[in-house]
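Engineer: Which chain is which? The protein sequence lines are A and B, in order. This note's numbering applies: residue 917 is where the first sequence begins, and numbers increase by one. This note's numbering applies: residue 27 is where the second sequence begins, and numbers increase by one. We put the beta carbon where it would ideally sit given N, CA and C, even for glycine.
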Amino acid sequence: DIVMTQTPISLSVTPGQPASISCKSSQSLLHSDGKTYLYWYLQKAGQSPQLLIYEVSSRFSGVPDRFSGSGSGTDFTLKISRVEAEDVGVYYCMQAIHLWTFGQGTKVEIK
Amino acid sequence: EVHLLESGGGLVQPGGSLRLSCAASGFTFSSYAMSWVRQAPGKGLEWVSAVASDDNTYYADSVKGRFIISRDNSKNTLFLQMNSLRAEDTAVYYCAKRWHSSGWFDAFDIWGQGTMVTVSS
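Below, the structure written as C-alpha cells:
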C-alpha cells in the first residue's frame, strides 16, 4: 500500500502571508502514461472535502489562483500565496495510482 | 446540479450489520465509478471501497471480506453492505463520484454530505 505523509500537521498563518504544505508518498506516483496522480483537497469545518488541485499542479474548476501545486515522483507541495480567512480547514493530499490513499491532513488556521 | 445523498447510518452493536445507500442525481450514474470514503471522529479520510461502471469492485484491506459495495443503475443508487462491524468502523461515511467517466486513475469531484455510523454496545 502507498503511504502518504504530510507535514506539518498544523499551520497558523497571518492573513496575507504564504503557506506551504508538504506531501511525500512511499512510492512514485508517476504512471507509465506520463501523468502523476497526486491530488489536493480542502475540508472546511462541517463540510465534505473539495478538490483543489489535480495531477500535481492543475487547479480544479473555480479554485483561486493563489493555490498552486508542484512536485514530482514522491515529493509534492501545496502553496497558498496569500492566505485568506476562507482558506481555513484541513488539507489532504491523495494518491490515485494504486487505489486511493490520503495523507493524514494538515490543519490550517488563521493567527 | 450533480448531487449525492447518503442515508442508512445509525447506531449498531459490534458484530452487527448496516446497509448504506447513496442516491445520485444530475449525472449519468451508470457511466461513473463510485466510491465510499470514511472519516472517523476527529481523524482523516480513508478510502473504503469502489465500484467501477463495469461493476468490478475494490476494497481497502481494513474492510475486505466484511463490506460489499454494489450499485443499482436503474435507481441511480450506490450501496455499502457492512457486516461484522467493529468499533473501529465508527465514522462518517461519504459516497464520492469519480471525476471522469473514462480511465481509472482519477480524483473524486463530488462528495455527499456523509452519514454517521456508530458501532458500540
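Secondary structure at residue 105/B, three-state DSSP: helix, strand or coil?
Structural biologist: As a first step, residue 105/B must be located in the second sequence, where it is residue number 79. Strand.
Engineer: I'd like to know if the stretch 995-1002 of chain A and the stretch 949-957 of chain A are in contact, where contact means that at least 3 CB-CB pairs between them fall below 8 Å.
Structural biologist: The answer is no - the stretch 949-957 of chain A does not touch the stretch 995-1002 of chain A, with fewer than three Cβ pairs under 8 Å.
Engineer: Anything in chain B within Cβ reach of residue 934/A, meaning under 7 Å, just list it in chain order.
Structural biologist: Taking the first residue of the first sequence as 1, we reach residue 934/A at position 18. Residues of chain B passing the Cβ test: none, with the nearest at roughly 24 Å.
Engineer: Taking the runs of the beta strand (DSSP E) that are 3 residues or longer, which of them lie wholly in the stretch 77-131 of chain B?
Structural biologist: Counting only runs of 3 or more, we get 83-85, 93-98, 103-108 and 117-124.
Engineer: Tell me whether the stretch 991-998 of chain A and the stretch 45-59 of chain B touch, counting them as touching only if at least three CB pairs, one residue from each stretch, are closer than 8 Å.
Structural biologist: Contact fails: fewer than three Cβ-Cβ distances are below 8 Å.
Engineer: Residues in its own chain within less than 7 Å of residue 1016/A by CB, not counting five upstream and five downstream?
Structural biologist: Position 100 of the first sequence, counting from 1, holds the residue named residue 1016/A. Only 1010 meet the Cβ criterion.
Engineer: Which of the three DSSP states, helix, strand or coil, is assigned to residue 1018/A?
Structural biologist: Here residue 1018/A refers to the residue found at position 102 when the first sequence is read from its first residue. Of the three classes helix, strand and coil, the one that applies to residue 1018/A here is strand, per DSSP.
Engineer: Chain A beta carbons: is any one of them nearer than 8 Å to that of residue 131/B?
Structural biologist: Walking along the second sequence from the start, residue 131/B turns up at place 105. By this cut-off, residue 131/B is an interface position.
Engineer: I want to see whether chain A comes within less than 8 Å of residue 72/B, judged by CB atoms only; does it?
Structural biologist: Taking the second sequence and counting its residues from 1, the one referred to as residue 72/B is at position 46. Yes, residue 72/B counts as interfacial toward chain A.
Engineer: Under 7 Å between beta-carbons, which chain A residues line up against residue 137/B? List them in chain order, please.
Structural biologist: The sequence position of residue 137/B within the second sequence is 111, counting from 1. Near residue 137/B (Cβ distances below 7 Å), the residues of chain A are 964 and 965.
Engineer: Shortest alpha-carbon distance to residue 962/A belongs to which of 145/B, 141/B and 146/B?
Structural biologist: Stepping through the first sequence from its first residue, residue 962/A is reached at position 46. The shortest Cα separation from residue 962/A among 145/B, 141/B and 146/B belongs to 141/B.
Engineer: Give a yes or no on whether 8 Å exceeds the smallest Cβ distance from residue 1017/A to chain B.
Structural biologist: Here residue 1017/A corresponds to residue number 101 of the first sequence, with the count starting at 1. Taking Cβ atoms only, chain B reaches closer than 8 Å to residue 1017/A, which makes this a yes.
Engineer: Residue ranges of each beta strand (DSSP E) run of no fewer than 3 residues wholly in the stretch 955-984 of chain A, ordered along the chain?
Structural biologist: Listed in chain order, the complete beta strand (DSSP E) runs (minimum 3 residues) inside the stretch 955-984 of chain A are 966-970.
Engineer: Applying a beta-carbon distance threshold of less than 9 Å, which residues of chain A neighbour residue 120/B?
Structural biologist: Here residue 120/B refers to the residue found at position 94 of the second sequence. Simply 964 and 965.
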